[in-house]
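Residue numbers (our numbering): 10 to 84.
Single-structure report; data block below.
So this is what it looks like as structure tokens:
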């Protein structure tokens, strides 16, 4: 237990570790900027999907709405 009580300072990060951290942060930021248009487009598709389905496949649309209603009643 005495060994655990000793307080050894953690060594500072190496130059390589700092560079890896900066590169990872930059990659995540770039991914966010790159994927934002795709995310927005998928939200638009999801919002318009029920209307498109109702126009192109009315029977399937009514079936899906019926399943939703049934699920709402069951819960």
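Glycine included, C-beta positions come from ideal geometry on N, C-alpha and C.
Are residue i and residue j closer than 8 Å when you measure CB to CB?
{"i": "residue 70", "j": "residue 81", "result": "no"}
Go to residue i, then tell me how far its alpha helix (DSSP H) extends in each direction, as first and last residue.
{"i": "residue 22", "result": "Unbroken run through residue 22: none, as it is neither H nor E."}
{"i": "residue 69", "result": "67-83"}
Cβ of residue i within 7 Å of any heavy atom in the ligand SAM?
{"i": "residue 60", "result": "Judged by which ligands are present, the structure shown has none, so any question about the ligand SAM falls away."}
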